[in-house]
Ligand code: HEM
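Residue numbers (the numbering used here): 3 to 518.
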């Protein structure tokens, strides 16, 4: 940002030395100059005092700095967010206040307040970071609110039925095997440890694109979308240079989106053609087209343009790519660091699929693996990919008996404290899948604390999809490979790029697993 501002000022035409000399010849009477100076200083002081008064008026009794840094507020902190910084804020109170560039922000860190924000659509609605609207396009369905949003989303829920998930699972299985073989081949060629940050992202992107678009997307198109997608991830930081001018992250992300949308539109067109020729559905788009063509379909809309379908697919990609990568990477890290848990996953595998490593795994297999499912749930709890979601108070929001969030403020439910509440999750930082296997455990008795996927009308639409995909990848990797985690001082430190990742990218060494 600072670099950008410097770059901008460099591009503003500066008066030449002659014109400066000319200006220096203009003589203001001393008293007039003094009046100008004093008036300017007085206005500045008045504005600064007003800024502080507005901040304190809005903040009222909430914890938070008594004074806000003039103009920028906590901008410096938001440029380089750290888990420690967030935790300090969350632990300062169930509700706390801060200001960034005069945007007043109320942070909620308790389960009660976070859920209240997520479940009060008449007072608060999601407000993705500014760059998200530029990247996703303002007419994307994810920005709908109220009844319109409910109706649109009801139609999309049909894409995640058990039957549809079963088809997606087959695709996930084959893409995952392809990547596992590639990882093993790479490791055979060079056995040193490597960060899995990017390789897992690649796996995840190909899985999503093949599940969403099947073979309607050419191989080189999938590669191009994948190559360009990192530009979108890095543009999603909480604070970004707001103008999409060449050279900025947001500009690059918009170019990447244009490429992705063009290919996704083509996939939608091809899917419609294939379904009109009576072909069997092979991916999510096909499933959608078939559903819309079904005379029994009762949804409110039966027509979606190629562009609208592409926008939906892109919204899924956008919502899932980073969170899924985070969930998977921590899944690998957790299992490598807990060999006892990995051993139990393998025991379960050999019970459900004895000696059948080459047979594609099915959703029915997964249904018989409660331990694996518990591991995934627990891994996402310990390291929730999404720690908070920004919402906007659309009107004065009486969130507690003593505090009303002013209209127009940002109000941010955060999930970390709910997911690490020691009363609900004893030993909250420990990975204990067993806590999900006992129906009477405090974890199972307090489902309201499990906010990994949010809550309310905007709760994640891809919960089953996400959890089954993470489970499948970990299951196949456990069956087919051994992996060693090379720990570094940064393995347990968190890097925040919208979602969370181990700072060292999780360094693993893969070897093939020898089956007895
Ligand atoms: C581990 C993986 C994932 C995590 C942790 C995650 C988490 C979340 C969270 C916290 C929200 C906001 C909920 C709220 O405001 O209450 C959300 C929304 C959403 N997620 Fe996910 N998600 C994941 C994977 C996916 C996948 C795989 C898809 C699609 C296939 C998806 C699609 C969406 C969509 C479309 C929304 C917006 C829903 C709406 O506004 O109605 N997510 N997700």
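Quick reminder that beta carbons are idealized off the backbone N, C-alpha and C, glycines included.
Asked: When you compare only the Cα positions, how much space is there between residue 181 and residue 347?; Found: 20 angstroms
Asked: For residue 265 versus residue 223, is the C-beta distance shorter than 8 angstroms?; Found: yes
Asked: Are the beta-carbon atoms of residue 416 and residue 98 separated by less than 8 angstroms?; Found: no
Asked: Kindly identify the DSSP beta-bridge partner or partners of residue 513.; Found: 484
Asked: With DSSP run on the structure shown, which of helix, strand or coil describes residue 180?; Found: helix
Asked: When burial is assigned at 16 or more other CB atoms within 10 Å of the CB, is residue 510 buried or exposed?; Found: buried
Asked: My output table needs one value for residue 417: the three-state DSSP class, helix, strand or coil.; Found: coil
Asked: Which value, in whole angstroms, describes the spacing of the CA atoms of residue 124 and residue 277?; Found: 40 angstroms
Asked: Looking at the secondary structure, which residues open and close the beta strand (DSSP E) in which residue 327 lies?; Found: Residue 327 -> not in any beta strand (DSSP E); alpha helix (DSSP H) instead, spanning 308–339.
Asked: With DSSP as the reference, please indicate the residues paired to residue 393 in a beta bridge.; Found: 128 and 413
Asked: Contact between the stretch 211–223 and the stretch 326–343: three or more CB pairs below 8 angstroms?; Found: no
Asked: Where do the ends of the alpha helix (DSSP H) carrying residue 504 lie?; Found: Residue 504 -> not in any alpha helix (DSSP H); beta strand (DSSP E) instead, spanning 501–504.
Asked: Apart from the five residues on each side of it in sequence, which residues of its chain come closer than 6 angstroms, Cβ to Cβ, to residue 530?; Found: With the chain covering only 3 through 518, there is no way to say anything about residue 530.
Asked: Tell me whether residue 306, by its Cβ, gets closer than 7 angstroms to a heavy atom of ligand 1.; Found: no
Asked: Is there contact here, the stretch 362–371 with the stretch 460–473, by at least three beta-carbon pairs under 8 angstroms?; Found: yes
Asked: If you pair each beta-carbon of the stretch 325–332 with each one of the stretch 374–390, do three or more pairs fall below 8 angstroms?; Found: yes
Asked: Per DSSP, which one or two residues make a beta bridge with residue 109?; Found: 98 and 414
Asked: Once DSSP output is grouped into helix, strand and coil, what is the label at residue 498?; Found: strand
Asked: Can we count residue 215 as close to ligand 1, meaning its CB is less than 7 angstroms from some heavy atom?; Found: no
Asked: Is residue 318 near ligand 1, with its Cβ less than 7 angstroms from a heavy atom?; Found: yes
Asked: Please list the segments of the alpha helix (DSSP H) lying wholly inside the stretch 141–211, counting only runs of 4 or more residues, in order along the chain.; Found: 148–159 and 164–191
Asked: So which of 499, 291, 206 and 394 has the shortest CA-CA distance to residue 129?; Found: 394
Asked: Do the stretch 314–326 and the stretch 456–469 touch if we need at least three Cβ pairs shorter than 8 angstroms?; Found: yes
Asked: Just tell me which of 136, 361, 516 and 121 has its CA closest to the CA of residue 238.; Found: 136
Asked: Hey, is residue 322 close to ligand 1, as in C-beta under 7 angstroms from one of its heavy atoms?; Found: yes
Asked: Hey, is the stretch 163–173 in contact with the stretch 282–294, meaning 3+ C-beta pairs nearer than 8 angstroms?; Found: yes
Asked: Within this structure, are the beta carbons of residue 313 and residue 160 separated by less than 8 angstroms?; Found: no
Asked: Starting from the C-beta of residue 376, find all residues in its chain whose C-beta is less than 6 angstroms away, skip the five residues before and the five after it, and write them out in chain order.; Found: 435, 438 and 439
Asked: What does the alpha-carbon distance come out to for the pair residue 267 and residue 299?; Found: 23 angstroms
Asked: Consult DSSP for residue 24 and reduce its assignment to one of helix, strand or coil.; Found: Note that residue 24 scores a pLDDT of 43, beneath 50, so its modelled location is shaky and nothing firm can be said.
Asked: Suppose you measure from the CA of residue 191 to the CA of residue 513; what does that come to, to the nearest Å?; Found: 11 angstroms
Asked: DSSP puts residue 261 in a beta bridge; with which residues?; Found: Answer by DSSP bridge pairing: none, since residue 261 is not bridged.
Asked: Indicate the three-state DSSP secondary structure (helix, strand or coil) for residue 444 in the structure shown.; Found: helix
Asked: Please tell me whether residue 455 and residue 328 are closer than 8 angstroms, where the distance is taken between their beta carbons.; Found: no
Asked: Assuming residue 317 contacts residue 153 under a Cβ cut-off of 8 angstroms, what Cβ separation, rounded to an integer in Å, is found between them?; Found: About 16 angstroms; that fails the 8 angstroms criterion.
Asked: Look at residue 186 and residue 483 and say whether their C-beta atoms are less than 8 angstroms apart.; Found: yes
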